[in-house]
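For the sequence shown, the positions run 974 to 1358 when my numbering is used.
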Amino acid sequence: MEHLINPQVKDIQISGIRKISNLVSTIPGALTLTIGQPDFPTPRHIIEAGQRALDQNKTVYTQNPGLLELREAVSSFVQTKYGQQYRAADEIIVTAGASQAVDITLRTILTPGAEVIIPAPIYPGYEPLIRLAGGIPVYVDTRPNGLKLTAELLEPYLSANTRCVILCYPSNPTGQVLTEQELADLAQLLEDRELFILSDEIYSELVYGVRHQSIATMGKLREKTIVINGLSKSHAMTGWRVGFTLAPAYITEHMVKVHQYNVTCASSVSQYAALEALTVGIDDALPMRNAYEVRRDYVYDRLLAMGFELEKPNGAFYLFPSIAKFGLSSQEFTMRLLHEEHVAVVPGDAFTSYGEGYIRISYAYSQEVLEQSLDRLERFVNKLA
Ligand SMILES: Cc1ncc(COP(=O)(O)O)c(C=O)c1O
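Written out as structure tokens, the structure is:
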């Protein structure tokens, strides 16, 4: 009967990030720098808000787009932090993580054959959802430009079939952010075209020495942009599964139907916790961000001293050094590092084939784990040289 399974689903591969982290668990004593989630616990007052919701039996369906008071909190959070202006009533949907937000966006805007342009190397969560929605991913190789998308790089890929451009900044896996000028150039290129922009800003609270800016606040872009954000990274809440979308009412109105028949609503208990996070905990990300910044500097300096070539990124919690000079593919490099020195990093090819020649190191780990892992990496690199 397996031949009856949807071939598009059969074609989907398990993410390369999961593959390596599953392998790590089979190697005793292995250290891992693979996972993209905060190593901090969810702030205590948020956990208590979730517990209170349980104690008060707030365990029933909420409105489909989420509790109105939570949408109001989202509205005021993004206005205060990033100058984004969205009405709680009809321009915000609370989702089960940013992942579900990406899914309902793509299923709302894509039709069979529609092309989606994505800068690469990139987070592997978009392509399967694009394909399931009938769309075709079209990658723009950003390696020649220091892993950054520019209007100039993007322009040749735009066609009558382009339905959507995905932007992810700060980026997973590169940590790169887009500057105000870079966003303004992209906005100028895109504002008069008939296409949507999916702007994944899940790492917006984790920027170092710069201010997060959203393309949705540039020129006429608000009208065609769906912003995706959430609490997974900012408030160390990956397991609570709370994300949200910000989009003009004429798009949100249709997204909410897909959302309704997909999950009805995000978890009620998680929504009450999220309400606490986005009101009382509006600045909860700051101490974590400060810690990540110190770690970024530490890991970056050590990698440079080992002879790696890499850009110093201003966001998220990843470094993406080139391994080209070692003459190994990203799979060979990471497998040998794991088996010989018992340290796991993610091979660049987990972020599309355009990530070949790189590895991703997550620094969302304690200083102690980082130090030990980098000592092992250094031994490995010295052996290669
Ligand atoms: C760029 C990007 N978008 C979306 C997500 C999904 O986030 P969530 O856990 O809120 O679904 C991730 C998670 O790693 C990510 O890196």
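No residue lacks a Cβ here, since even glycine has one placed at the ideal position from N, Cα and C.
Ordered list of beta strand (DSSP E) runs contained in the region 997-1077, each at least 3 residues:
1065-1068
Give the list of continuous alpha helix (DSSP H) stretches no shorter than 4 residues that lie fully inside the region 1137-1173.
1153-1163
If we ignore side chains and look at the alpha-carbon of each, how far apart do Gly1119 and Glu1284 end up?
7 Å
Identify the continuous beta strand (DSSP E) that holds Phe1217 and give its terminal residues.
Gly1216 to Leu1219
Is it the case that the region 1242-1256 contacts the region 993-1000, given that we only count it when at least three CB pairs across the two stretches are under 8 Å?
no
Between Ile1188, Lys983, Ile1019 and Ile1224, which has its C-alpha nearest Asp1257's C-alpha?
Ile1019
Is Lys1206 near ligand 1 - that is, is its Cβ less than 8 Å away from at least one heavy atom of it?
yes
Counting by C-beta, which residues lie closer than 6 Å to a heavy atom of ligand 1, in chain order?
Gly1009, Gly1070, Ala1071, Ser1072, Tyr1096, Gly1098, Cys1141, Asn1145, Asp1173, Ile1175, Gly1203, Ser1205, Thr1211 and Gly1216
Determine whether the beta carbon atoms of Ile1000 and His1312 lie at a separation below 9 Å.
yes
Buried/exposed call for Gln1052, threshold 16 Cβ in 10 Å
exposed
Since Asp1165 and Ile1139 are thought to touch, with beta carbons under 8 Å apart, how far apart are those beta carbons, to the nearest angstrom?
Actually they are not in contact, since the Cβ atoms of Asp1165 and Ile1139 sit about 19 Å apart, beyond 8 Å.
Ile1371 by DSSP, collapsed to three states: which one?
Given that the chain is displayed from residue 974 to residue 1358, the structure contains no residue 1371 and the question cannot be resolved.
Under the rule that 16 or more other beta-carbon atoms within 10 Å means buried, what is Ile1224, buried or exposed?
buried
Quick one: Cα of Gly1321 to Cα of Pro1101, how far?
18 Å
Would you tell me roughly how many angstroms separate the C-alpha atoms of Ile977 and Asp1076, rounded to the nearest one?
Here residue 977 turns out to be Leu, not Ile, going by the sequence shown. Using only the alpha carbons, I get a separation of about 24 Å.
Measure how close the beta-carbons of Pro1094 and Gly1328 come, nearest whole angstrom, since I'm counting them as under 8 Å.
3 Å
Have a look at Leu1292 and Gly1002 and give me their C-alpha separation to the nearest angstrom.
23 Å
To which residues of the same chain is Ile1181 closer than 6 Å at the C-beta, ignoring the five residues directly before and after it?
One point to set straight first is that residue 1181 is Tyr, not Ile, in the sequence displayed. Contacts found: Glu1266 and Asn1287.
Cβ neighbours of Ile985 in the same chain (closer than 7 Å, five flanking residues each side left out):
Pro1101
For Met1191, count the other beta carbons within 10 Å of its own beta carbon; 16 or more makes it buried, fewer makes it exposed. Which is it?
buried
Helix, strand or coil for Asn1134? Go by DSSP, reduced to three states.
coil
Around the C-beta of Asn1202, are 16 or more other C-beta atoms found within 10 angstroms, so that it is buried, or is it exposed?
buried
By DSSP, does Ser1295 sit in helix, in strand, or in coil?
strand
In chain order, each beta strand (DSSP E) run of at least 3 residues that lies wholly inside the region 1294-1344
1332-1335
Host beta strand (DSSP E) of Ile1224 (start-end)
Ile1224 -> not in any beta strand (DSSP E); alpha helix (DSSP H) instead, spanning Ala1222 to Val1236.
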